[in-house]
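Structure record follows, encoded as structure tokens.
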Amino acid sequence: MRPQHWLYTIPLRLRSLFRLRHVEQELSEELQFHLEHKIEEGIARGLSPKEARSAALRAMGGLEQRKEEIRDLRHIRWLTDFFDDARFALRSLRRTPGLTAFVAITLALGIGMTSATFSMVDGLIFRPYPVPHPGNVVTLVSTTHDSPFDSFSYREYLDIRDKTNSYAGVVANADMEAVGFSAEPGTTPRIKGGMMVSGNYFHALGVEPRLGRGFREDEDQVPGRDPVVVLGPDFWRHEFAGDETVLGKTILLNGTKFTVIGVAPDRFPGMLTFGYPDFYVPLAMAPVFTTNLQKNFFVDRDDRELSVKARLKPGTTLERARNELAVLAKNFEREYPNSNRSRGAAVYTQFQARTIEDENWKFGVIFLILALAVLLVACTNVAGLLLSRSRARAREIAVRLALGAGRFRLIRLLLTESLILATFGGLAGITIGYGVVEWFHSKQSIVFATELPMAIPFHMDKRVLLACVALSVLSALLCGLAPALQSTRVDLVNALKSADVDVPGRKRLWGRNMLVVAQVSMSLMLLTASFLMARGFQHDLMEGHGFTKDHLLMTRFDPRLIQYNAAQTQQFYKLLAERMRETPGVQSEALTQNVPLGDDDFDGVAFVPEGFQMPPDRANFNSTMDTIDEGYFETMGIPILRGRAFLPSDTAEAPRVAIVNEHFAKHYWPGGDAVGKHIHLDSSAGTPVEIVGIAQTIKSQNMGNLTDFVYMPLAQHPVARMVLMLHSNGDALQLVQPVKDVVRSLDSNLPMLQTRAYQDFYLNQAVRGPRIAIDLVGSMGLVGLLLAVAGLYGLVAYNVARRTREIGIRIALGAASPNVLRLVLGKGLVLVGIGTVVGLAMGFALEQLMNSMLFDSGGVDILAYAIVVPTMFLVTVLAAYIPARRATKIAPTQALRYE
Amino acid sequence: MSKPNDLVQGTLDLLLLKILALEPLHGWAISLRLKLISGDVLQVSEGSLYPALHKLEQEGWITAEWKQTENNRRAKFYSLTRLGKKQLESEAANWQRLSSAISQVIRLEEA
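If you read the sequences in order, they're chains A and B. Numbering-wise (the numbering used here), the first sequence opens with residue 1 and increments by one. Numbering-wise (the numbering used here), the second sequence opens with residue 900 and increments by one.
Here's what the structure looks like:
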């Protein structure tokens, strides 16, 4: 339409929409005017008033038809039709409140679960970074044989920043870490989460601070010179009550004075998936915060602690950036062979980064698939219900068709009804979605056993709500289309004649049967999934971890929080261990850097085994390691298989020693004895370390396989953050006060972190955490089963009702109960059988998927199927049996009377 | 209910536009005027008149206004818009072309 048209037509259309009654009135008036003149003309020609009137009406071809024709011409007809249909649908739905409620709830369950799991997948993978133009922010990583996602060192970062052309800005950040924070000097520091970032962090990412400013480049130049800090938005609100005069204030971080120069805006909670930093400090202030004690953060090229992100320059392709970085990595390899041998570098998009960095997203995807299955079951259920409903309305539909309604028009009417239902379902579904997400949030403390500000990133935000809406519309179409199409393909004559429209035809029931098969198979798949998941986690648990878990108290220390230097730290731990050993009630003590099955990343050690010829592309091998003291193996109940544990004589001056686990020993010296052999640190020319003992292999990481492990003594491998483990003679928690007393006697300022019974910690990690996943999947399985059962029950009951007369006749003619049962039940059981077979196939496929993504248990879990399949079969047969039994009780006389 | 076929509908549009180009009229007057001018040859069935008028209104070629007639009754008067005038010109031109082409064919001598 040409624009000038709009001047005339838009007011018209708006009028038809909003002043419909007025417009209709005018139409009647206009036609009435014409009619009256026509009648006058007739009378003038000599007809009687009555004759004149009927002649006039005939000439006009009927007023109502003319009006309808005119209405059809209004270009907004489809919209007014929609409102009419909606009103009609609401009225007829209100007449059957039970059915409406059931359908709405069914859809709500499906839509709710799907939107909740969508929020998971969104939070874990798709949600864009909270910065302007997030699409061109890429992640740079260092790659090795063992890891596709390694960090860079400070020196490497500087080189990348200065020697590349593809980026409009390259930023770096260290991991968020525990920092001792005091608002006033003299108060005990509290643990908060801080993050070191490069000077250009805020500027390059495009984050405008809400108050004050971000860092300047020059503030990140000289190590230790500029103690400035930018606060995170939530932290500012909690700690400083949103006070705007916080700028220029001095706070203490790890005992050092820092000046607040800015506050980050609300819309920038941080670039991490799970963590929300309380504050940001420049990389140059690294000496104040815990970095690797063995290395010099600013100098050592192999002290890799930085994550690097960058903004691609407009016009630069990802390909070009990748090539450029690969070349740079090659240069590093050449110039610094000791630290960069066979190390590459890669550039990842957001999607790649999020899916390569860790595995959590896989759970989200599995959950999403399962939730979609629930939605499918719900939709098929509703479709079945709508089919029955439309059969009941067959007469009404036939009348409409006879009166001249087009088939498309009728389909629109029926679809509008399912759209209304889906809208109810969608709204309720959003509520359910919120509920599920809130439930996740309530479990946060189980998942994150830390004082750091970490949270589960699932939210019902705009994107998820949009997905909800789309799902509702999709469900409406899924549920409503087939019944609408089928019910309008009606044989008019038959429909108008009798109440029972169903002509026994093979094709007619095919759709309904498919629905039942789909439902049974989907819910079988869901039940299998929940079973498999439970078993998978249990399998993991049952593997017997190989160490004591009870009677253990654990508590963490980090003396750097109160600015201890290395010597003070070592002294503290030495005294702590001594005093704890002498404390009554303590059977044994241990110090370890990381607890088994804990959240933390274990340190790694790079080494070359004595006498090994390294392949040309590798400088060294890698193994996970832990730093411990002499009491570790005894306290944790881990047997030493050969050789010895660490002794007090393994001091800093003594020759370096290490203990390896059996897995390591078998790996590198399969035929011989590892005890007495040496490994060289970092390269074949590195410090030799003698292996003095072999410990039994324990399971140190959740959901992982058994791996190589190296232990080093604290005296020779100083580390700042250690966990004190105490084996108690009685209950573990009895020892809390004695520990507090000892620590206070050593230094009253040092905080004790995460003090608890190891048993508790273990339960959270290994049991309660997985339980969350199991509960979620289990509830989906249950919902799916309930829906399928309801669907089957409905189908059989409907069949019985439909064929009441026929069954009555059969019984009157002498059919026995079993025959009647067979008649009614037969088809249903066949469908259940088919559904079971299909469901088995799908469950099997799902198991392979879960194995490849999550558990790696390999093979098929027969027990799962052996339990799930018969249960499912039994339940569904029961659902079919109950209404079928009622069929046998039909009194023939009543049935024949039924019309 | 039958819809008028395209050729008849198109011609009717042309007639209506032309009549309204002369002066604004209401529906009844339009049907009278048509009968008068064409000498009773063109009798528009009431069935097609009002749908056609409303269609022209929806397209923006004519516009309507409720006014008092000479008998002091309320009626809906239609009048041509600027766009309608242009449409009239183009449709009239089309009609000329069509009718002269048909005339050419008719005038051919039979063998």
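Cβ coordinates follow ideal geometry from the N, Cα and C atoms, glycine included.
Q) Taking the alpha-carbon positions, what's the residue 254 of chain A to residue 462 of chain A distance? A) 39 Å
Q: Note down the Cα distance separating residue 136 of chain A from residue 360 of chain A, rounded to an integer number of angstroms.
A: Going from the Cα of residue 136 of chain A to the Cα of residue 360 of chain A covers about 24 Å.
Q: Tell me whether residue 188 of chain A is buried or exposed, calling it buried when 16 or more other Cβ atoms sit within 10 Å of its Cβ.
A: exposed
Q | Residues near residue 123 of chain A in its chain [Cβ-Cβ closer than 7 Å; skip 5 each side] | A | 457, 458 and 459
Q. For residue 929 of chain B versus residue 915 of chain B, is the C-beta distance shorter than 8 Å?
A. yes
Q.
For the structure I just gave you, are there three or more beta carbon pairs, one from the region 573-587 of chain A and one from the region 734-745 of chain A, closer than 8 Å?
A. yes
Q. Around the Cβ of residue 967 of chain B, are there at least 16 other Cβ atoms within 10 angstroms (buried) or fewer (exposed)?
A. exposed
Q | Supposed contact pair residue 196 of chain A and residue 285 of chain A - C-beta distance, whole angstroms, cut 8 Å | A | 7 Å
Q.
Does the contact criterion of 3 or more C-beta pairs under 8 Å hold for the region 257-264 of chain A versus the region 161-177 of chain A?
A. With a cut-off of 8 Å on Cβ pairs, the region 257-264 of chain A is not in contact with the region 161-177 of chain A, counting fewer than three such pairs.
(Q) Mapping the DSSP letters down to three states, classify residue 975 of chain B as helix, strand or coil. (A) Here residue 975 of chain B sits in strand by DSSP.
Q) Interface residues of chain A around residue 954 of chain B at Cβ under 7 Å? A) 73
Q: Using a Cβ cut-off of 8 Å, pull out every chain B residue sitting near residue 66 of chain A, in sequence order please.
A: 945, 946, 949 and 950
Q: Kindly list, in the order they appear in chain A, the residues whose Cβ is closer than 7 Å to that of residue 1000 of chain B.
A: Within chain A, no residue comes near residue 1000 of chain B; the closest Cβ sits about 28 Å away, beyond 7 Å.
(Q) Suppose you measure from the CA of residue 901 of chain A to the CA of residue 378 of chain A; what does that come to, to the nearest Å? (A) Because chain A is modelled from 1 through 899, residue 901 of chain A falls outside the range shown and cannot be assessed.
Q | Residue(s) in a DSSP beta bridge with residue 925 of chain B | A | Looking at the DSSP assignment, residue 925 of chain B forms a beta bridge with B:976.
Q) Which word fits residue 983 of chain A, buried or exposed, when buried means at least 16 other C-beta atoms lie within 10 angstroms of its C-beta? A) What is shown of chain A runs 1 to 899, which leaves residue 983 of chain A out entirely.
Q) Mind checking if residue 22 of chain A is an interface residue toward chain B, Cβ cutoff 8 Å exclusive? A) Taking Cβ atoms only, chain B never reaches closer than 8 Å to residue 22 of chain A, which makes this a no.
**Q.** Residue from A:866, A:872 and A:808 with nearest C-alpha to residue 891 of chain A
**A.** A:808
Q: Compute the Euclidean distance between the alpha carbons of residue 797 of chain A and residue 86 of chain A, then round it to the nearest angstrom.
A: Rounded to whole angstroms, residue 797 of chain A to residue 86 of chain A spans 30 Å at the Cα level.
Q) Mapping DSSP to helix, strand and coil, what is residue 499 of chain A? A) In this prediction, residue 499 of chain A scores a pLDDT of 49, lower than 50, which makes its location untrustworthy; the coordinate-derived value is nonetheless stated afterwards. Correct three-state label for residue 499 of chain A: coil.
Q) So, is residue 803 of chain A buried or exposed, given that buried needs 16 or more other C-beta atoms within 10 angstroms? A) buried
Q. Is it buried or exposed for residue 274 of chain A, if we count other Cβ within 10 angstroms and need 16 for buried?
A. Counting the other Cβ atoms within 10 Å of the Cβ of residue 274 of chain A gives 16 or more, which makes it buried.
Q: Name the residue from A:230, A:526, A:113 and A:613 whose alpha carbon lies nearest to the alpha carbon of residue 472 of chain A.
A: A:113
Q.
Judging by CA-CA distance, which residue of B:926, B:991 and B:1005 is the nearest neighbour of residue 956 of chain B?
A. B:926
Q | Chain-ordered neighbours of residue 920 of chain B on chain A, where CB pairs are closer than 9 Å | A | Those do not exist, as residue 920 of chain B stays about 17 Å from chain A at its closest Cβ, beyond 9 Å.
Q: Over the uninterrupted beta strand (DSSP E) stretch that includes residue 588 of chain A, give me the two end residues.
A: 586-592
(Q) Tell me the rounded alpha-carbon separation between residue 520 of chain A and residue 777 of chain A. (A) 17 Å
Q.
Beta-carbon within less than 6 Å of residue 55 of chain A's beta-carbon, same chain only, minus the 5 sequence neighbours each way: which residues are those?
A. Closer than 6 Å at Cβ, skipping near neighbours: 42.
(Q) I'd like the ranges of any beta strand (DSSP E) spanning at least 3 consecutive residues and lying wholly in the region 227-266 of chain A. (A) The qualifying runs are 228-231, 250-253 and 256-263.
Q: Kindly give me the distance between the Cβ atoms of residue 758 of chain A and residue 725 of chain A, rounded to whole angstroms, as I take these residues to be in contact under 8 Å.
A: 7 Å
(Q) Counting only C-beta atoms, is residue 52 of chain A closer than 8 Å to chain B at any point? (A) no
Q | Closest residue to residue 353 of chain A among A:489, A:35 and A:127 (Cα-Cα distance) | A | A:127
Q. Applying a beta-carbon distance threshold of less than 7 Å, which residues of chain A neighbour residue 957 of chain B?
A. 9, 12, 73, 74 and 75
Q: Output, in chain order, the set of chain A residues within a Cβ distance shorter than 7 Å of residue 927 of chain B.
A: For residue 927 of chain B, the residues of chain A that pass the 7 Å Cβ criterion are 33, 34 and 37, in the order they occur in the chain.
Q. Between which two residues does the alpha helix (DSSP H) containing residue 193 of chain A stretch?
A. Following the DSSP letters along the chain, one finds residue 193 of chain A in no alpha helix (DSSP H) but inside the beta strand (DSSP E) bounded by residues 190-197.
Q: Residues of the region 957-976 of chain B with a CB closer than 8 Å to any CB of chain A: list them in chain order, please.
A: 957, 958, 959, 962, 965, 972, 973, 974 and 975
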